[in-house]
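In what follows, a structure is listed as structure tokens, so that the remarks can point back to it.
In UniProt numbering, the protein residues as written are 1 to 311.
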């Protein structure tokens, strides 16, 4: 996925969350609903998070320099990690605190119909953001399930937006259920319970994102399918007959670093070896477009040596 594609999903989420946050705070002020207030804070956190994702994309576009010779692509991973921390600290912790407070000191709701109207409107806006994110991620997802896509994607923004929007939609259902139960039972404790559910949901999503973004930030290699394609295309059978060692790492969502030692058929001239390496790089880049940086070391395979493919 290009940065532009991810940007479309981020902008859709930012616009939706900003409008929803304003509506929720107005609704919370009118009704006194804690679950509505928790959802308002959730939307503020989400809005700020989209801004952080855009900032990360902007910083990642800086040209490589002497200090950062492999570029600034990992800014996108760093800011996505910050998003996960914000979601946990601001969204989950506040909601849990407010839920406990409302259970201990329940307060009657006023004008619950206003809360219901706002929540239904919010579901529509969040649905728009969620559908946009799904459309943007579909080309990358392929045949993978949504969960496997989130776990395996080397692109940080779409998994973040997908999980945030999923959490927002489920949170809105919790808030709507809390308001309805409070209306029909006359017991405001349901509002606090709904708020606790929202906090637990946000905490779970934040933990998943923290784990995934930490892994990307530390550095993840090519996917198994990409590794297979790299190995297949490094070898041509005539000049390069096997891969001795292979290491890969994503420097950014669209920048894969490849370092390989390959076995050269004995007897080749230096010009033939150089051409073989050039041709191998071309084949790999065609098969794996994200392979932007490649370092291939020619060597001779020695009888009895163990290659990675034989381990």
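We put the CB at the ideal spot given by N, CA and C, even for glycine.
Under the DSSP assignment, residue 72 falls outside any alpha helix (DSSP H); it carries neither an H nor an E label.
Listed in chain order, the alpha helix (DSSP H) elements of length 4 or more contained wholly in the segment 76-134 are 93-104. In the three-state scheme derived from DSSP, where H, G and I count as helix and E and B as strand, residue 187 is classed as coil. Per the Cβ contact rule, the segment 224-233 is not in contact with the segment 192-208 (fewer than 3 Cβ pairs under 8 Å). Looking at the backbone, the Cα of residue 97 and that of residue 297 are separated by about 57 Å. The distance from the Cβ of residue 234 to that of residue 284 is about 6 Å, consistent with a contact at the 8 Å cut-off. Comparing alpha-carbon positions, the option among 9, 24, 18, 17 lying closest to residue 176 turns out to be 24.
Beta-bridge analysis with DSSP links residue 261 to 245, 297. The straight-line gap separating the alpha-carbon atoms of residue 165 and residue 271 is approximately 55 Å. By the C-beta density criterion, residue 46 is buried, having at least 16 other C-beta atoms within 10 angstroms. About 13 Å separates the Cβ atoms of residue 27 and residue 123, ruling out a contact at the 8 Å cut-off. Distance check between residue 100 and each of 17, 110, 29, 193 places 193 closest, using alpha-carbon atoms only.
Taking the C-beta atoms as reference points, residue 167 is found nearer than 8 Å to residue 202. No residue range can be given for residue 239, since it is assigned to no alpha helix (DSSP H) and is classified by DSSP as neither H nor E. According to DSSP, residue 291 shares a beta bridge with 256.
The beta carbon of residue 277 sits closer than 7 Å to the beta carbons of 296, 298 from its chain, once the five residues preceding and following it are set aside; these are given in chain order. Pairwise C-beta distances place the segment 175-190 out of contact with the segment 146-157, as fewer than three of them are shorter than 8 Å. In this structure residue 291 is buried. Its beta-carbon is surrounded by 16 or more other beta-carbon atoms within 10 angstroms.
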